[in-house]
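Asks:
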Amino acid sequence: MNLIKRYWLTALASIVALVVFVTPFIFIILMAVKDRQQAALRDMSWPINFQLVENFLAVVQARDYMLITAYINSTILTVGSVTILVIVASMVGFVLQRHPTKWTPVVEFFVMAGLMIPPAVVPTIWLLQGIGLFKTLHGMILIEVAYNMSFAVILYRQFVATIPREMDEAAIIDGAKPLDVFFRVVFPMMWPVTVTNIVVQSVGIFNDFVNPLYYLPGRGNETVQLTLYSFQSQFNTQYNLLFMDILLVTIPPLLVFLFFNRQIVAGLSAGAIKG
Amino acid sequence: MAGLNLKNLYKSFGAVEVIKGVDLDIDHGEFVVFVGPSGCGKSTLLRMIAGLENITEGELFIGETLCNNVEPRDRGIAMVFQSYALYPHMTVYDNIGFGLKLARAPKEERDRKVREAARMLQLEPLLDRKPGQLSGGQRQRVAIGRAIVRQPEVFLFDEPLSNLDAALRVSMRQELTKLHHDLDATMIYVTHDQVEAMTMADKIVVLNGGVVQQVGAPIDLYQDPANLFVAGFIGSPKMNFIEVTAKTVGKGEVLVQSDVIGEISVPLNSDRVKTGDKLTLGIRPHALSRSDDGPFSGQVELVERLGNETVVNFTLSNGSAWMAVLDGDEPLKLGSEVRFSADVGAICLFDAAERRIR
Ligand SMILES: Nc1ncnc2c1ncn2[C@@H]1O[C@H](COP(=O)(O)OP(=O)(O)O)[C@@H](O)[C@H]1O
Ligand SMILES: [Mg+2]
Chain B
79 MNLIKRYWLT ALASIVALVV FVTPFIFIIL MAVKDRQQAA LRDMSWPINF
129 QLVENFLAVV QARDYMLITA YINSTILTVG SVTILVIVAS MVGFVLQRHP
179 TKWTPVVEFF VMAGLMIPPA VVPTIWLLQG IGLFKTLHGM ILIEVAYNMS
229 FAVILYRQFV ATIPREMDEA AIIDGAKPLD VFFRVVFPMM WPVTVTNIVV
279 QSVGIFNDFV NPLYYLPGRG NETVQLTLYS FQSQFNTQYN LLFMDILLVT
329 IPPLLVFLFF NRQIVAGLSA GAIKG
Chain V
1041 MAGLNLKNLY KSFGAVEVIK GVDLDIDHGE FVVFVGPSGC GKSTLLRMIA
1091 GLENITEGEL FIGETLCNNV EPRDRGIAMV FQSYALYPHM TVYDNIGFGL
1141 KLARAPKEER DRKVREAARM LQLEPLLDRK PGQLSGGQRQ RVAIGRAIVR
1191 QPEVFLFDEP LSNLDAALRV SMRQELTKLH HDLDATMIYV THDQVEAMTM
1241 ADKIVVLNGG VVQQVGAPID LYQDPANLFV AGFIGSPKMN FIEVTAKTVG
1291 KGEVLVQSDV IGEISVPLNS DRVKTGDKLT LGIRPHALSR SDDGPFSGQV
1341 ELVERLGNET VVNFTLSNGS AWMAVLDGDE PLKLGSEVRF SADVGAICLF
1391 DAAERRIR
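Dropping the structure here:
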C-alpha cells in the first residue's frame, strides 16, 4: 500500500512514456520484418514470415544503392558541419564573453536574430546559385553551420561565463599566447558543453529533412532523410520496405544518444560545480 | 636580480579611479605585503605589476626595464591566484610544467625542473593526480610550484591563503616565508589580513582608497603609525580612539581634555598643536592597565579570559566601544565599572586631517 502511494506517479509516468515513445518504435520494427502482404494491412500484428534480411537487402539495393550514397552524404554533412560549428562557435562564445567591445552588442543581436528569425529559402537559393554552391555538399554544410550557429554560440557563451577568468590569466602569466589560452586551456575545459553541442547538433543535422530537400536536390545528393521521401513514392505498396528504411535511418541518432547520454548528463552538471 | 619601481601609477576603470598615484620602491629580494581593506585596490595594483591590467598613467619599472607595455610573459614574474586557477584537465605534473612547455623548454630540462619544484613542495607523490583530487593546501602548493618552475624574478601572490582553514593558513605562512628565504626572489603579497602582513613582511605597504598610506617595516607601522587609518588597521585588537581637545600646550607635552576622560597630559615634541585644536587620541588595548584612579572608565561588556591574558570590551560614557588586553587572568563582572590608566608614552595623537602628530 505504502509502495503504491509513494511510487504511483513514477509508475504512471513510466507507462505513459512507454506508450508514447516505445510503441511507435515497436511498430516500426514489426513492420520492417513483415512480408509485403501482411505489411499492407498496417496493423500491430506479429509478423507471420520474418523477412529481416530480405527486406534489408531490398532497401539497400533499391535505386542503385541509393541508401549507401545517402549514408555517405549524410555522414560527410554531419561530421563536416558539426566540426565547423564546434570550432567556430566555441571561439565566438569565448570572445563574446571575455573580450567585450562596442561591437559585442551587434554580434549578440545577430546571434539572437539567427535564433528567432526563420530563414528565407528562395533568396538563400539565389545566393547559393550566384556563388556556385547550390546543389553541392559543401554548400549544404555551410547552410547547416549558419542555421545552427546561434544555438551553439549561446551554449558556449553561457558556459564560458562559468569558467573563472583567473584561468585565462594564469595561462597568460604562464606565457600562453591568445591561441594557446584558447586551445590549451579554455577549450579543454569546455569539453562538457562540446559534448552537448556535438550530440544535439549531429542528431539535428543528421535528421534534417527540410533543408537538404530545398538546398541539395539532384540525383546522387540524397541524404538519409531524403531517401524516405524518394522511397515513399516507390514503396507505397511495399510498406515493409518503407519501414525498413525508417528503421535504418533512425538507428544512428539513437546510437549517439545511447552512447553519449551519460556524458551529456555528467557534462552538464560538471559545469555547475567549482573545479 | 630585480627590484621594482612604481612611479606615480594611476588606474581608472572608465570614470572610476581605483589607483590614485602610487609611488613605491621595492628592492630585490624583499618580501613586500600590500595590505588594506577589501576594495582598496590591492589586487588591481598587483595585476598592474603582472600586466593583467593596463596602466592608465605612470611608469612601472621591473629591474631596469620600463614594463608598461611589456607582455606578462616577458616581465619575469609569476603569479599565484586566490582561487589557485589550476588547469583542471591537466595532471599536477602538467600544471607545473605548462609554462615550460609553452616556452618550448627541452623535455629533460622540463622534467628536471618540475620534479625539483615538486620535491621542494612535497608534491612528488601527487604528480599524476588531477587538481580535483587534491585538498586545498595541496592545490595551493601546486599553484606555488607552477610559479617556481618559471624561475621568476618577482613572485606575485593575491590573497593565496584566504581559501584555507586557519590551521593550514598558519603552516602555509611559514612555508612561504621559508620559500622566500630559499629562493632569494622578490615577493609581493596581497592580503587584507593584517596578521599575515605583520608575520610575513619585510616591508608593508598599507593601501586605502587607492592611495598608499604608509610604507615601512611591520614593527615600525605598529609602533609609529603615520595616520589614523594605519593606526586603526595595523595591530590586533584595534587601537582605541577618542576625540579630545588640546587644552594647554606646554613644552614637551600637551594637556588634552574631553568630557569622557577628563584631562591627560601627553608627552609631545611638536609645534603643530595649538590650544583649542580638535584632536583624536589613540591608545592600543595592550597599553591599558587597571588602576582605580585611571582616566579611562567604562562599563564591561564582554570578558574573554584566555588564561595568559584577558581581553576586556567596555564602553565609555559617550558610547564608544573600547578594548583592553590585560596580562594574566582578571575576573571582571559583566556590567561592572572598570577604570584603566594608560602608559602615556604609548598614546598617539592625530590632527583633524587624521595625520599623526609627533
Ligand atoms: N575590471 C574592473 N572594472 C571595474 N571596476 C573594477 C574592476 N576591477 C576592480 N574594480 C574596482 O576597483 C576597486 C578595487 O578592486 P580590487 O583591486 O579588486 O580591491 P582589493 O583591494 O579588494 O583587491 C573595487 O572598487 C572594484 O570594484
Ligand atoms: Mg583582491
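Each protein sequence line maps, in turn, to chains B and V.
Residues 79 to 353 (the numbering used here) make up the first sequence, in order.
Residues 1041 to 1398 (the numbering used here) make up the second sequence, in order.
All residues carry an ideal CB built from backbone N, CA and C; glycine is no exception.
Everything numeric in this text was worked out from a predicted model, so none of it was measured.
#1: List the residues of chain B that A1090/V touches, going by C-beta distances under 7 Å, in chain order.
#2: In whole angstroms, give me the CA-to-CA distance for E1057/V and C1080/V.
#3: Tell me whether T1231/V is buried or exposed, calling it buried when 16 or more other Cβ atoms sit within 10 Å of its Cβ.
#4: Anything with a beta carbon under 5 Å from a heavy atom of ligand 1 counts; list them all in chain order.
#5: Determine the contact status of M267/B and L163/B, defining contact as a CB-CB distance below 9 Å.
#6: Enumerate, from N- to C-terminal direction, the unbroken alpha helix (DSSP H) stretches of 4 or more residues contained entirely within the segment 1237-1288 of chain V.
#7: Short of 6 Å in beta carbon distance, which residues of its chain neighbour I283/B, apart from the five on each side in sequence? Order them along the chain.
#8: Using 8 Å as the threshold, is the segment 248-261 of chain B in touch with the segment 191-206 of chain B, meaning 3 or more CB pairs across them?
#9: In the DSSP assignment, what residue or residues form a beta bridge with L1374/V?
#10: Whole angstroms are fine: how far does the CA of F187/B sit from the CA of I1274/V?
#11: Can you name the residues of chain V whose CB is closer than 7 Å to the CB of A248/B?
#12: Using a Cβ-Cβ distance cut-off of 9 Å, determine whether H1232/V contacts chain B.
#13: According to a CB-to-CB cut-off of less than 7 Å, which residues of the segment 254-280 of chain B neighbour chain V?
#14: Per DSSP, T101/B is paired with what?
#15: Can you check which of these residues, D1369/V, N1203/V and T1084/V, is closest to Q1122/V by C-alpha distance?
#16: Would a check of beta-carbon distances place P242/B closer than 9 Å to chain V?
#17: Is the CB of D1244/V under 9 Å away from at least one CB in chain B?
#18: Consult DSSP for P1335/V and reduce its assignment to one of helix, strand or coil.
#19: Using only the heavy atoms of ligand 2, determine whether one of them is closer than 8 Å to the beta carbon of E1093/V.
#20: Among K1243/V, P1165/V and S1211/V, which has the Cα closest to the Cα of D1260/V?
#21: Looking at the C-beta of M245/B, does it have a partner C-beta in chain V at a distance below 9 Å?
#22: Say yes only if the C-beta of E1199/V is nearer than 8 Å to one or more non-hydrogen atoms of ligand 3, and no if none qualify.
#23: Which stretch, first to last residue, makes up the alpha helix (DSSP H) that contains W204/B?
#24: Looking at C-alpha atoms only, which residue of A1187/V, G1069/V and E1148/V is the closest neighbour of M1227/V?
#25: Which class does M122/B belong to by DSSP, given the choice of helix, strand or coil?
#26: F1195/V CB to nearest chain B CB: under 9 Å?
#27: In three-state terms, what does DSSP make of M1363/V?
#28: Identify the residues that DSSP records as bridge partners of I165/B: which are they?
#29: Measuring straight from C-alpha to C-alpha, what distance separates A1125/V and Q1178/V?
#30: Assuming G1322/V contacts A1271/V (C-beta within less than 8 Å), just tell me the rounded distance between them.
#31: Could you tell me the boundaries of the alpha helix (DSSP H) in which K180/B lies?
#32: Tell me, please, whether the segment 1095-1106 of chain V touches the segment 1046-1063 of chain V by the rule of three or more beta-carbon pairs shorter than 8 Å.
#33: Can you tell me where the alpha helix (DSSP H) with R1159/V in it begins and where it stops?
#34: Using a 10 Å radius around the Cβ and a threshold of 16 neighbouring Cβ atoms, would you call D1198/V buried or exposed?
#35: DSSP has S1052/V in a bridge; who is on the other side?
#36: Give me the Cβ distance between R1287/V and T1315/V, rounded to the nearest whole Å; I'm assuming they're in contact under 8 Å.
Replies: According to the data block:
#1: Those are I251, listed as they occur along chain B.
#2: Cα to Cα, E1057/V sits roughly 11 Å from C1080/V.
#3: Buried is the call here.
#4: Having a Cβ closer than 5 Å to some heavy atom of ligand 1 are F1053/V, V1058/V, S1078/V, G1079/V, C1080/V, G1081/V, K1082/V, S1083/V and T1084/V.
#5: Taking 9 Å as the Cβ cut-off, M267/B and L163/B do not qualify as a contacting pair.
#6: Runs found: 1258-1263 and 1268-1273.
#7: If we look at I283/B and ignore the five residues flanking it on each side, its Cβ neighbours are T156, S159 and E222.
#8: Taking 8 Å as the limit for Cβ pairs, the verdict is that the segment 191-206 of chain B does not touch the segment 248-261 of chain B.
#9: Under DSSP, no beta-bridge partner is assigned to L1374/V.
#10: Their backbone Cα atoms lie some 51 Å apart in a straight line.
#11: Per Cβ cutoff of 7 Å: F1121 and A1125.
#12: Contacts with chain B at 9 Å (Cβ-Cβ) do not include H1232/V.
#13: Cβ contacts with chain V: A254, D258, V263, P266 and M267.
#14: When beta bridges are read from the DSSP output, T101/B appears opposite no residue.
#15: Measuring from the Cα of Q1122/V, the nearest candidate turns out to be N1203/V.
#16: P242/B counts as touching chain V.
#17: Note on residue identity: the sequence assigns Ile, not Asp, to residue 1244/V. Chain B, which has no Cβ nearer than 9 Å to the Cβ of I1244/V, makes this no.
#18: Here P1335/V carries a coil assignment [DSSP, helix/strand/coil].
#19: Not under cutoff, so the answer is no.
#20: Closest in C-alpha terms to D1260/V, from the list K1243/V, P1165/V and S1211/V, comes K1243/V.
#21: Yes, contact with chain V.
#22: With respect to ligand 3, the structure offers nothing, as its ligand set consists of ligand 1 and ligand 2.
#23: The continuous alpha helix (DSSP H) containing W204/B extends over residues V199 to G208.
#24: Measuring from the Cα of M1227/V, the nearest candidate turns out to be G1069/V.
#25: Here M122/B carries a coil assignment [DSSP, helix/strand/coil].
#26: Not closer than 9 Å to any Cβ of chain B, the Cβ of F1195/V fails to qualify, so no.
#27: DSSP places M1363/V in strand when its eight states are reduced to three.
#28: I165/B has no beta-bridge partner at all, per DSSP.
#29: Each residue's alpha carbon lies about 13 Å from the other.
#30: Contact between G1322/V and A1271/V holds: CB atoms are separated by about 5 Å, below the 8 Å threshold.
#31: No alpha helix (DSSP H) holds K180/B; DSSP gives it neither H nor E.
#32: With three or more CB-CB distances shorter than 8 Å, the segment 1095-1106 of chain V counts as touching the segment 1046-1063 of chain V.
#33: Segment K1147 to M1160, the alpha helix (DSSP H) holding R1159/V.
#34: Flag for D1198/V reads buried.
#35: In DSSP, S1052/V forms a bridge with E1057/V.
#36: Residue 1287/V is actually Lys in this sequence, not Arg. At roughly 7 Å, the Cβ-Cβ gap stays under 8 Å, so K1287/V and T1315/V are in contact.
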